[in-house]
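Going by numbering that gives the first Met the number 0, the sequence shown opens with residue 0, and the numbers climb by one from there.
Glycine included, C-beta positions come from ideal geometry on N, C-alpha and C.
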Amino acid sequence: MNKGKEKIYSILNELNIKYIKHDHEAVYTIEEVNNLQLDIEGQHCKNLFLRNRKGNIHYLLILCDEKMADLKALAKEIGSTPLSMASEERLYKHLGLTPGSVTPFGLINNSDKKVNVLLDKDLKHDGKINFHPNTNTATLTIDYKDFYKFLQWSENEIREVSI
């Protein structure tokens, strides 16, 4: 069970972030989202929860949905030891999420602020962007500027990267 499914709405409201909620069947991959053929405006994203080799540093990589992440090149760019997907247990421990529902809104559950956010430089900074609201049965559409406002509110380290 994911944490913070209802809390995210109150946080967005506190931050005066407008959103449009799209309810849908559970989806686990970006391909499944695209197969729903919903008319959702804006950029869809892949969200990958990563760890370094030692497992003492964690990253949330947010990239354009059509891209594939080259973890070797990414590790080099950020000066990290080799990166790999973090386990389901780590995902739940740090973001309160389960596989298939990874989202930056899980940062509300990261009280120690030790998940570093890596943003794809190619995300559209002047448009709409879409993420699950800590559950994979809905999608929220918000302005990118409001998304960035949420990230700043989370107080996690944020870095733009080339993917």
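- Among residues of its own chain, excluding the 5 on either side of glycine 3, which ones have a beta-carbon nearer than 8 angstroms to its beta-carbon? Gly95, Phe104, Gly105, Ile107, Asn108 and Asn133
- In the DSSP assignment, find the unbroken alpha helix (DSSP H) run with arginine 89 in it and report its ends. 87-94
- Which residue from Phe146, Thr102 and Lys53 puts its Cα closest to that of leucine 14? Phe146
- Sequence-distant residues of the same chain with beta carbon closer than 8 angstroms to arginine 158, five excluded per side: Ile77, Asn115, Val116, Leu117 and Leu118
- Proximity of alanine 142 and lysine 17 at Cβ, strictly below 9 angstroms: In the sequence as displayed, the identity of residue 142 is aspartate instead of alanine. Going by beta carbons, aspartate 142 and lysine 17 fall inside the 9 angstroms limit.
- Message: Using CA atoms only, rank isn't needed, just tell me which of Trp152, Lys148, Lys120 and Asn155 is closest to cysteine 44.
- Response: Cα-wise, what sits closest to cysteine 44 is Lys120.
- Task: Have a look at valine 160 and leucine 11 and give me their C-alpha separation to the nearest angstrom.
- Result: 26 angstroms
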